[in-house]
Amino acid sequence: MPERLSPHDAAARIGARDELAIPLGPGQPSTFLHALGERDDFEALVVHGALLIDLFALFTRRGVKLRSGFFGPAERFLLDAGHDVEFVPADFRRFSLVARRVHPRVVATATSAPDADGFLSLSLHAGATVDELHRAGRDPDRLLIVESNPQLPHTIGIPPEFPHSIHVDEVDILVEGDHEPFVLPDAEPTDAERAIAQHASEYLHDGCTIQTGIGGVPSVIAKILAAGDGGDYGVHSEMFTTGLMHLHEAGKVTNRKGSAFDGFSVATFAAGTLKLYAWLDGNEDVRFLPVDAVNTPSMIAEKRDMVTINGALLVDLEGQVAADTIGSRQYSGIGGHEDFVAVSGFQLSDRALICLPSASEVQGVMLPRIVHRFPPGTAVTTPRHHIDVVVTEFGAAELAGRTVRERAAALAAIAHPDFREELVDAAAHDVS
Numbered sequence: 001m002p003e004r005l006s007p008h009d010a011a012a013r014i015g016a017r018d019e020l021a022i023p024l025g026p027g028q029p030s031t032f033l034h035a036l037g038e039r040d041d042f043e044a045l046v047v048h049g050a051l052l053i054d055l056f057a058l059f060t061r062r063g064v065k066l067r068s069g070f071f072g073p074a075e076r077f078l079l080d081a082g083h084d085v086e087f088v089p090a091d092f093r094r095f096s097l098v099a100r101r102v103h104p105r106v107v108a109t110a111t112s113a114p115d116a117d118g119f120l121s122l123s124l125h126a127g128a129t130v131d132e133l134h135r136a137g138r139d140p141d142r143l144l145i146v147e148s149n150p151q152l153p154h155t156i157g158i159p160p161e162f163p164h165s166i167h168v169d170e171v172d173i174l175v176e177g178d179h180e181p182f183v184l185p186d187a188e189p190t191d192a193e194r195a196i197a198q199h200a201s202e203y204l205h206d207g208c209t210i211q212t213g214i215g216g217v218p219s220v221i222a223k224i225l226a227a228g229d230g231g232d233y234g235v236h237s238e239m240f241t242t243g244l245m246h247l248h249e250a251g252k253v254t255n256r257k258g259s260a261f262d263g264f265s266v267a268t269f270a271a272g273t274l275k276l277y278a279w280l281d282g283n284e285d286v287r288f289l290p291v292d293a294v295n296t297p298s299m300i301a302e303k304r305d306m307v308t309i310n311g312a313l314l315v316d317l318e319g320q321v322a323a324d325t326i327g328s329r330q331y332s333g334i335g336g337h338e339d340f341v342a343v344s345g346f347q348l349s350d351r352a353l354i355c356l357p358s359a360s361e362v363q364g365v366m367l368p369r370i371v372h373r374f375p376p377g378t379a380v381t382t383p384r385h386h387i388d389v390v391v392t393e394f395g396a397a398e399l400a401g402r403t404v405r406e407r408a409a410a411l412a413a414i415a416h417p418d419f420r421e422e423l424v425d426a427a428a429h430d431v432s
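Here it is in structure tokens:
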């Protein structure tokens with residue numbers, strides 16, 4: 001049986017020189033991390049995580065290093081403020097192996113409250129840490145800390161292979177939390193996002209299997225599909241969103257995907273509104289699996305008529321996609337971007353959509369998102385030869401099967417009007 005400790009006492013079990021792993025975003029044990037942030041005696045605490053859901057004071061303390069596999073607003077703020085934050089490049093699927101190689105002494109996660117049999121659902125996150133949680137629980141030289149929160153939904157895996165839970169007997173230290181889950185608001189879409197979604201929705205047809213990323217465009221697409229005449233959709237997505245819930249509620253999801261995991265939607269984590277979390281609680285129509293199962297290329301490729309919808313920061317005239325850096329600035333992360341873009345395309349009916357506004361206003365200056373060349377230092381997230389369709393509010397550019405010059409001309413045609421003429425000229429004269 002675990003020790004039941006207060007957050008303060010649990011935090012005291014972490015050494016001044018130690019190594020801790022936490023899950024991505026919704027799986028993070030917030031109460032425990034805030035308690036750790038009350039300490040100021042660290043000498044060399046290394047924390048492995050991704051996409052912080054709060055500005056935890058822990059990462060402002062001297063002697064604490066954060067190694068993050070996916071930047072969000074918190075990581076960017078901490079880095080800009082001069083704190084010790086570094087990015088670890090890897091796609092989401094490979095972080096399961098990274099966690100095993102790192103082998104941190106302490107692993108901590110959030111769960112729902114235990115059920116009558118003592119099982120704690122991993123709730124909103126399976127991701128890359130599931131196996132490491134079990135390994136830490138079995139190892140007498142390691143520490144498994146679980147923060148149980150009754151406000152987190154009890155979600156379901158596919159037992160016995162993917163139970164999506166741990167038993168209290170595996171846990172070394174059990175902390176009780178009772179805070180509201182991290183909320184990703186269902187924000188009102190911009191006019192550009194609505195236009196992008198309208199163009200993108202034309203690529204989705206009855207019976208297709210859908211993967212959506214984060215943001216306003218996937219949310220609007222889901223609402224368009226929910227209100228439309230079509231249906232018989234499947235869902236196989238790294239992230240489960242409020243928009244996908246709306247699609248379920250409209251009766252449009254049958255999950256006849258023609259492969260393993262038929263009959264229910266599959267995801268590795270969820271982020272959205274409180275309504276989404278309440279809907280997920282005990283819902284057998286959605287199953288949570290580790291990312292190395294969800295994002296496995298063979299698993300994606302076998303889905304019926306796979307259509308993937310992802311975003312980007314920049315696209316150049318070659319068709320290369322930058323989705324995690326702008327110049328030398330790390331902005332987000334790699335996630336499952338390349339996995340889903342690359343694998344959709346092994347059947348004639350598969351489509352992979354990269355959706356982005358043609359320009360963005362930054363500090364009062366309009367900047368293009370389709371560019372001739374990337375700013376120096378920008379990393380390519382997904383290479384040009386994997387790209388199928390790029391969509392802006394001005395239309396869709398189909399790139400697969402086109403020459404370099406044809407691709408450049410198609411991309412220039414959907415660029416922002418303020419930058420289109422120079423891109424058209426570049427496409428005609430400076431692309432071979």
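Position one of the sequence shown corresponds to residue 1 (my numbering), numbered consecutively onward.
C-beta atoms are modelled at their ideal positions from N, C-alpha and C, and glycine is treated no differently.
Exercise for review: Reducing DSSP to helix, strand and coil, say where Q330 ends up.
Suggested key: If DSSP states are grouped into helix, strand and coil, Q330 belongs with the strands.
Check your understanding: Secondary structure at E19, three-state DSSP: helix, strand or coil?
Key -> Strand.
Review point. Are T129 and P23 closer than 8 Å when you measure CB to CB?
Key: Going by C-beta atoms, T129 is nearer than 8 Å to P23.
Review point. If you draw a straight line from the alpha carbon of T209 to that of R304, how long is it in whole angstroms?
Key: Each residue's CA atom was taken as its position, placing T209 and R304 some 6 Å apart.
Check your understanding: What does a CB cutoff of less than 8 Å around A427 pick up in its chain, not counting 5 residues either side in sequence?
Key -> L317, R405, A408, A409, L411 and A412, listed in sequence order.
Review point. What are the boundary residues of the alpha helix (DSSP H) that includes K275?
Key: Note, K275: alpha helix (DSSP H), L274 to L280.
**Study point:** Where L367 sits in the DSSP three-state scheme
**Key:** Secondary structure at L367: strand, using DSSP grouped into helix, strand and coil.
Exercise for review: Report yes or no: do three or more beta-carbon pairs, one from the segment 99-117 and one from the segment 73-91, lie closer than 8 Å?
Suggested key: Flag = no, the segment 99-117 and the segment 73-91 do not touch.
Review point. What is the rounded straight-line gap between the Cα of H167 and the Cα of S96?
Key: About 21 Å.
Check your understanding: Can you tell me whether DSSP reads R407 as helix, strand or coil?
Key -> R407: helix per DSSP, three-state reduction.
Exercise for review: Counting only the same chain and skipping the five closest in sequence on each side, list residues whose C-beta sits under 6 Å from that of P163.
Suggested key: The answer, listed in chain order, is G157.
Exercise for review: Quick one: using the 10 Å Cβ neighbour count with 16 as the cut-off for buried, is G251 buried or exposed?
Suggested key: Its Cβ having fewer than 16 others within 10 Å, G251 is exposed.
Practice item. Spell out a yes or no on whether the segment 279-286 and the segment 322-341 are touching, meaning 3 or more CB-CB pairs, one atom from each, closer than 8 Å. Key: Look at the beta carbons and you see the segment 279-286 not touching the segment 322-341: under three pairs across the two are nearer than 8 Å.
Review point. First and last residue of the alpha helix (DSSP H) that includes A99?
Key: Counting along the chain, the unbroken alpha helix (DSSP H) around A99 starts and ends at F95 to V102.
Check your understanding: How about the segment 235-252 and the segment 378-391: do they share at least three Cβ pairs that are nearer than 8 Å?
Key -> A contact between stretches requires three or more CB pairs, one per stretch, nearer than 8 Å, and the segment 235-252 fails this requirement with the segment 378-391.
Point to revise | Neighbourhood of I309 by C-beta, 8 Å cutoff - its chain only, sequence neighbours within 5 removed | key: Same-chain partners within the cutoff: A200, I210, Q211, T212, G213, V217, P218, I221, L353 and C355.
Review point. Quick one: what's L24 bridged to in DSSP?
Key: DSSP output for L24 lists A50 as bridge partner(s).
Point to revise | Segment contact, 8 Å Cβ cut-off, at least three pairs: the segment 61-77 with the segment 31-49 | key: Three or more beta-carbon pairs separated by less than 8 Å link the segment 61-77 to the segment 31-49, which places the two stretches in contact.
Check your understanding: What is the DSSP secondary structure of E86, reduced to helix, strand or coil?
Key -> Reduced to three states, the DSSP call for E86 is strand.
Check your understanding: The beta strand (DSSP E) spanning D316 covers which residue range?
Key -> From DSSP, the beta strand (DSSP E) with D316 extends over L314 to D316.
Review point. Leaving out the 5 sequence neighbours to the left and right, which residues in its chain are closer than 6 Å to L143 when beta-carbon positions are compared?
Key: So the list reads V106 and D172, once near-sequence residues are dropped.
Point to revise | Minimum C-alpha distance to E180 - residue among R76, L274 and L79 | key: Nearest of R76, L274 and L79 to E180, Cα basis: L274.
Check your understanding: Alpha carbon to alpha carbon, how far is S358 from G272?
Key -> Approximately 26 Å, taken between the alpha carbons.
Practice item. Could you round the C-beta distance between G333 and G69 to whole angstroms and report it? I think they count as a contact, below 8 Å. Key: Indeed, because the Cβ distance is near 6 Å, the residues count as touching under 8 Å.
Review point. Starting from S68 and walking both ways along the beta strand (DSSP E), at which residues does that stretch end?
Key: For S68, the enclosing beta strand (DSSP E) starts and ends at V64 to S68.
Exercise for review: Return the Cβ separation of V291 and F87 in integer angstroms, given the expectation that the two are a contact with Cβ distance under 8 Å.
Suggested key: Taking the Cβ atoms as the reference, V291 lies roughly 18 Å from F87, outside the contact range of under 8 Å.
Point to revise | Residue nearest to D285 in terms of C-alpha spacing, selected from T296, H386 and V235 | key: Distances from the alpha-carbon of D285 to those of T296, H386 and V235 put V235 closest.
Check your understanding: Can S30 and I14 be called in contact, C-beta distance under 8 Å?
Key -> Cβ distance not < 8 Å, so S30 and I14 don't count as in contact.
Review point. Is P153 buried or exposed, if buried means 16 or more other CB atoms sit within 10 Å of its CB?
Key: It is buried - the Cβ of P153 has at least 16 other Cβ atoms within 10 Å.
Point to revise | Contact test: D131 Cβ vs the ligand SAH heavy atom, cutoff 7 Å | key: Only the bare structure without any ligand can be found here, which leaves the ligand SAH out of the picture.
Practice item. Name the two residues that bound the continuous alpha helix (DSSP H) containing A126. Key: Where A126 is concerned, there is no enclosing alpha helix (DSSP H), given that its DSSP letter is neither H nor E.
Check your understanding: Residues in its own chain within less than 8 Å of A11 by CB, not counting five upstream and five downstream?
Key -> Cβ neighbours of A11 beyond the five flanking positions: F32, A35, L36, E38 and R39.
Check your understanding: Considering H337, what are the terminal residues of the alpha helix (DSSP H) in which it resides?
Key -> H337 -> alpha helix (DSSP H) spans H337 to V343.
Check your understanding: Under a Cβ-count criterion, where at least 16 other Cβ atoms within 10 Å of its own Cβ denotes burial, should Q330 be classed as buried or exposed?
Key -> Counting other Cβ atoms within 10 Å of its Cβ, Q330 reaches 16 or more and is therefore classed as buried.
Check your understanding: Rounded to a whole number of angstroms, what is the C-alpha to C-alpha distance between G336 and E238?
Key -> Between the C-alpha atoms of G336 and E238 there is a straight-line separation of about 7 Å.
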